[in-house]
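Single-structure report; data block below.
Residue numbers (this note's numbering): 249 to 474.
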């Protein structure tokens, strides 16, 4: 039987196969749990016309903002595009260089979760009667109007975890958990940047948040411990 080992030596290997026009999920909440080295690898790799799904638009050319500033992003799907340091998005949007799909944060998470769970969507009352509901199906249940929110899937997901084993099992630390676990369930290729790597069996099963079955590649973050 072939030994399963999802570890790769370099971030360039981890993002191999990302194509122009792909949908890319990026974990993190601000800088917490942000797969910064993988984002830099995407910049070096050169994929363009990306649809990026992220909680926010990045800060002063960090994270997602660096992709936007480099002209790699065609569309941004996020909850907080105009945070204090999101100058790259602000400038690109004003010049018509990037499209925005604004999604309330809880709706964003649930749309991703639905994709990971194989569901066809969910009914939400959040955007009823607002511009965010335009063009969407509205259904009444028990006398209450709901908007049908569809699953949100990706070709690639870049996530950041605290520790991984060679099988791809992931554990997280504190706020670094945020969007990363749910995004790891909703993409064709899931790549994890981690602070440390251990052998199979070294992780406490109670600490495994993302099972290795969801993860395709694992790479050590700069300065991490193997």
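Every residue, glycine too, gets a C-beta built ideally from N, C-alpha and C.
query	result
Given a cut-off of 9 angstroms on the beta-carbon distance, is the pair residue 460 and residue 406 in contact?	no
Quick check: residue 361 and residue 434, are their CB atoms within less than 9 angstroms of each other?	yes
Near residue 256, what residues of its chain come up, given a Cβ to Cβ distance below 8 angstroms and the 5 sequence neighbours on each side ignored?	262, 465, 466 and 467
What span of residues does the beta strand (DSSP E) with residue 432 cover, start to end?	No beta strand (DSSP E) contains residue 432, which DSSP labels as neither H nor E.
Alpha carbons only, please: which of 412, 268 and 328 is nearest the one belonging to residue 462?	412
DSSP on residue 295, reduced to helix/strand/coil?	coil
Hey, how far is the Cα of residue 286 from the Cα of residue 390?	46 angstroms
Under 9 angstroms, do residue 381 and residue 395 count as touching if we go by C-beta distance?	yes
Going by C-alpha distance, which of 337, 284, 334 and 402 is nearest residue 269?	402
Can you name the residues that DSSP bridges to residue 402?	435
Would you call the region 316-326 and the region 366-380 in contact, with 3 or more CB pairs under 8 angstroms?	no
When DSSP labels each residue in this structure, what does residue 443 get in the three-state scheme?	strand
When we look at the beta-carbon of residue 367 and count the other beta-carbons within 10 Å, is it buried (16 or more) or exposed?	exposed
Measuring only the C-alpha atoms, how far is residue 277 from residue 420?	13 angstroms
Straight-line CA distance for residue 317 to residue 307?	11 angstroms
Hey, could you find the ends of the beta strand (DSSP E) residue 393 is sitting in?	392-397
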